[in-house]
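Have a look at the structure below before the remarks.
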Amino acid sequence: MTKPHVDLALRPSNADVSHQGSVLIAVMGITGVGKSTFIQHVTQDPTVGVGHNLTSFTRNIAEHKCVIDGKPVTLVDLPGFDDTDLPDASVFTMTTEWLRRTYAQNKKLNGILYLYNINDVRMRGSTRKNLLMFSDLCGDTFLQDAIFVTTFWSSNRDKNKRQSKNLDELVTSPEFWKTMMDLGACTEKFYPRNTERALDIIRRVMRQPPLATQVQIEMVDQQKDIHDTTAGTRINEDLQKAKIQFQQELSALEQKLTK
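Heads up: the sequence shown begins at 0 in numbering that gives the first Met the number 0, then just goes up one per residue.
So this is what it looks like as structure tokens:
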């Protein structure tokens, strides 16, 4: 088998894609799902940060460039909700601003990879928030260019069997991915966890037509303020709910202290 051609390029974190006909791919997912590891395998760049503790390594949006099969490819590592340092509102603002600026420069995404730990089938608050935000950012039309990439697959037969059941639940439950998959999203396993498999997934994205996401159309074509977009409305609602909950908890605490 001929080894795929991958040219490495040092990348500044704020680099822009300037190649005509280049491929632009966003990589999303909550903290700890293996985004940096995946990007390392694609680019063969050991300088891509990988966190080895509970602190999220990715502080800002980072663009990683390489050449695959003679075509320039940029992978964009977007920060996830549940970041240990960045509040969710900041993550949302950073992500939407990058999407707005990119589309305003006439650059469209060939796809978004949403990485997900196959061992996690609990609907944590951050998990649900990230999924809903992912859906709102993409919009129905762009979901045909969205791929759920499951990570941390085991070679152990029994554990792999349990993980396969997890995948079945993810793709068949409306609480997880089913609604988005009905609109064209698909899944890929990052297994075995090596460069060849990572490149297989990237090549699939490279064949997809570049499209604008819903939030890009809303902010650039429709000139909507970030807070008036579909995704922005959801964030505002979440912040309002969190504020009300905080006030209720504070009031309950004050009542206890005065007794």
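Just so it is clear, CB atoms sit at the ideal spot from N, CA and C, and this is done for glycine as well. Only a predicted model underlies this, so the values are computations on that prediction, with no experimental measurement involved.
| query | For Gly-110, which of helix, strand or coil comes out of DSSP? | reply | strand
| query | Is it true that the stretch 142-150 meets the stretch 103-116, where meeting means three or more beta-carbon pairs spaced less than 8 Å apart? | reply | yes
| Pick from Cys-65, Met-180 and Gly-31: whose alpha carbon is nearest that of Leu-23? | Cys-65
| query | Which one of Cys-137, Glu-174, Thr-101 and Phe-151 has the shortest CA to CA distance from Arg-127? | reply | Glu-174
| task | Evaluate Phe-189 with the Cβ neighbour count: other Cβ atoms within 10 Å of its Cβ, from every protein chain shown; 16 or more gives buried, anything less gives exposed. | result | buried
| query | Hey, is the stretch 164-173 in contact with the stretch 80-93, meaning 3+ C-beta pairs nearer than 8 Å? | reply | no
| Considering only residues of the same chain and omitting the five flanking positions on each side of Ile-255, which have a CB-CB separation below 7 Å? | Contrary to the premise, residue 255 reads as Lys rather than Ile in this sequence. If we look at Lys-255 and ignore the five residues flanking it on each side, it has no Cβ neighbours.
| message | Please report the distance separating the alpha-carbon of Thr-140 from that of Asn-193. | response | 31 Å
| query | Applying the criterion that 16 or more other CB atoms from any shown protein chain within 10 Å of the CB defines a buried residue, is Glu-62 buried or exposed? | reply | buried
| field | Which of helix, strand or coil DSSP assigns to Leu-85 | value | coil
| Thinking C-beta only, is Gln-215 closer than 7 Å to Tyr-102? | yes
| query | Residue range of the beta strand (DSSP E) that His-63 falls in? | reply | 61-67
| Excluding five sequence neighbours on each side, which residues of the same chain lie with their C-beta closer than 8 Å to the C-beta of Asn-118? | Phe-151, Gln-162 and Asn-165
| said: Taking the straight line between their C-alpha atoms, what separation do you get for Lys-34 and Pro-191? | reply: 15 Å
| Which first and last residues belong to the beta strand (DSSP E) in which Thr-23 is found? | The sequence given here has Leu at residue 23, not Thr. Segment 22-27, the beta strand (DSSP E) holding Leu-23.
| message | For Leu-182 and Ala-251, what's the separation of their Cα atoms in angstroms? | response | 44 Å
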